[in-house]
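Under full-length UniProt numbering, think of the first position of the sequence shown as 1, with each following residue one higher.
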Amino acid sequence: MSLFPRINAVYASYFGSSPPTRACVAVPGRGNWRVKLEGVAKIVQDGAREERKALHVQSLSYWAPANIGPYSQSVKTGGRLYVAGQIPLIPPSLTLPPCPSSSTSSDADSSDISSHLSLALQHLHRIIRSSASPSPQTHFTSSTMQARASHGVCWFAPTSSSDLEWRRRVAAARAVWEASEEAYLLAEDAEYDGEEEERVRTAPFLAVEAAALPRGAEVEWVAEWDVPQMLQEDEDNDDEQDRSGGFGKDETWVRSTTVSNQSGRLVSYQCSQAPPRSNLVTLILAAHKSSFLLSLAPTHPLTTVRPPGESGAHPLPSVDTSAIHSLKVFYRSSRLSRSEAERLAFSLCGLDSASSQNPALSFIPVGRIATGGAVEEQWDVGVVGVAARARA
């Protein structure tokens, strides 16, 4: 992080009044590189203009932190809402709350870190509500549109060597994430007259440990939201509105599980489903370093680890592994090298390393990795991918 001010000055020179969103972290591991930039760009063909809306608030407020750098709080384009990484700054002062207690009490530590997690996630949700509304005059309700998280990544500052402390932090993050997701969807449930649904709706979640976070923060949330087509607000004709652009009540939203593949090794699989018209899914896979995975030929493990439908639950959405657009590969640099991480990720996703048609790849060394489906597991690699939903 000591290089950040110098990098930031150069970075700012490339963007004007509506810069991209961004998230910055310092990562562990040795290498010849000192800075890595990763970005997502929208290609517009045939001179067509794609609507792009950015939220770029620079003044101090009470509702969410102002920008502390050359970035927008959010950018909405192509049915997806990109949100800048959120740390638990206190909005009026742009200062951090006290660091989590160093007390040996597990209850005290969990409470302290939960408050940091909740504050940062509150900022994220307030930005989403402000960004997703079609206009300042339109209230953000489920009758207007439903925006939902495609996935969330929680970055933690380094903890002690205690695995127990790490598990407590991950458990707290998962609890905050799930509670936040449930609260965010209450309006939709109310619209369905309180009908109970058995679907699992918490978006995929990954926790990773950084070497350092901006301003010495303890946590940073990074997430993306899927935004279905706007529905025209017509308060006089609510019953006649076309809801086809939203998320129907009978759709499977997300399923999270930890299962064994044919070799009996644990693989964590989480998958979300984007709005029907986007035909994209976001998936999170995690696995341990093991010789059987590193030696596998490409066999599309996404289908072999997919469990059958359970009573009272929906089966996992299927994924077309030949149409994976991008893979972000987090790996424990103390446990495996970048080349091993690449082999493991390719085996896990059923890709051929010799192919010229592989997706865009990014490799990120981290200290620890955990998923929402298995807090007690410390995975060696975690993969966040965007893929086309398999067609029937």
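Ideal Cβ placement from N, Cα and C applies to all residues, glycine included.
Bridge partners - residue i, DSSP secondary structure assignment
| i | result |
| --- | --- |
| residue 209 | 156 |
| residue 82 | 75 and 224 |
| residue 151 | 224 |
| residue 371 | 206 and 374 |
| residue 363 | 329 |
| residue 382 | 286 and 330 |
| residue 219 | 156 |
| residue 21 | DSSP output for residue 21 lists no bridge partner at all. |
| residue 26 | 212 |
| residue 324 | 387 |
| residue 394 | What is shown of the chain runs 1 to 392, which leaves residue 394 out entirely. |
7 Å CB neighbourhood of residue i in its chain, flanking five on each side removed
| i | result |
| --- | --- |
| residue 130 | 55 |
| residue 15 | 70 |
| residue 124 | 83, 86, 221 and 223 |
| residue 150 | 203, 224, 225, 226, 272, 274 and 282 |
| residue 63 | 91 and 126 |
| residue 166 | 159 and 368 |
| residue 178 | 202 |
| residue 11 | 70 |
| residue 57 | 66, 67 and 73 |
| residue 365 | 27, 28, 29, 331 and 333 |
| residue 310 | Because the pLDDT of residue 310 is 36, which lies under 50, any placement of that residue in the model is unreliable, and the number read from its coordinates should be weighed accordingly. Nothing listed; no residue qualifies. |
| residue 250 | Model confidence at residue 250 stands at a pLDDT of 30, short of 50, so the residue's coordinates are unreliable; what they give is reported in the following sentence. Excluding sequence neighbours, residue 250 sits near nothing in its chain. |
| residue 359 | 324, 325, 326 and 327 |
| residue 215 | 87 and 96 |
Per-residue burial, residue i [other beta carbons within 10 Å of its own, 16 or more giving buried]
| i | result |
| --- | --- |
| residue 3 | exposed |
| residue 43 | exposed |
| residue 267 | buried |
| residue 339 | exposed |
| residue 270 | buried |
| residue 116 | buried |
| residue 393 | Coverage of the chain is limited to positions 1 through 392, which leaves residue 393 absent and any answer about it impossible. |
| residue 5 | exposed |
| residue 341 | buried |
| residue 46 | exposed |
| residue 351 | buried |
| residue 209 | buried |
| residue 164 | exposed |
| residue 361 | exposed |
| residue 355 | exposed |
| residue 180 | buried |
| residue 387 | buried |
| residue 217 | buried |
| residue 370 | buried |
Other residues of its chain near residue i: CB distance less than 6 Å, five sequence neighbours each side excluded
| i | result |
| --- | --- |
| residue 153 | 206 and 222 |
| residue 113 | 100, 169 and 172 |
| residue 211 | 26, 27 and 28 |
| residue 384 | 284 and 328 |
| residue 346 | 353 |
| residue 23 | 85 and 222 |
| residue 52 | 77 |
| residue 19 | 70, 71 and 72 |
Limits of the alpha helix (DSSP H) - the one that residue i falls within
| i | result |
| --- | --- |
| residue 9 | 4 to 12 |
N-terminal and C-terminal residue of the beta strand (DSSP E) that residue i is part of
| i | result |
| --- | --- |
| residue 351 | No beta strand (DSSP E) contains residue 351, which DSSP labels as neither H nor E. |
| residue 36 | Unbroken run through residue 36: none, as it is neither H nor E. |
| residue 53 | 53 to 55 |
Below-8 Å beta-carbon distance, residue i vs any chain D residue
| i | result |
| --- | --- |
| residue 63 | Looking at the structure shown, chain D is missing, and only one protein chain is on hand. |
Close-in-space but distant-in-sequence residues of the same chain around residue i (CB under 8 Å, 5 per side omitted)
| i | result |
| --- | --- |
| residue 128 | 74, 81, 83, 147 and 225 |
| residue 59 | 66 |
| residue 219 | 87, 88, 113, 116, 117, 120, 154, 155, 156, 157, 173 and 213 |
| residue 17 | 56 |
| residue 8 | 69 and 70 |
Does the pairing of the stretch 73 to 82 with the stretch 211 to 229 give three or more beta-carbon distances under 8 Å?
-> yes
So, do the stretch 330 to 347 and the stretch 163 to 181 have three or more beta carbon pairs nearer to each other than 8 Å?
-> no
With contact counted as at least three CB pairs below 8 Å, one residue from each stretch, are the stretch 26 to 40 and the stretch 89 to 99 in contact?
-> no
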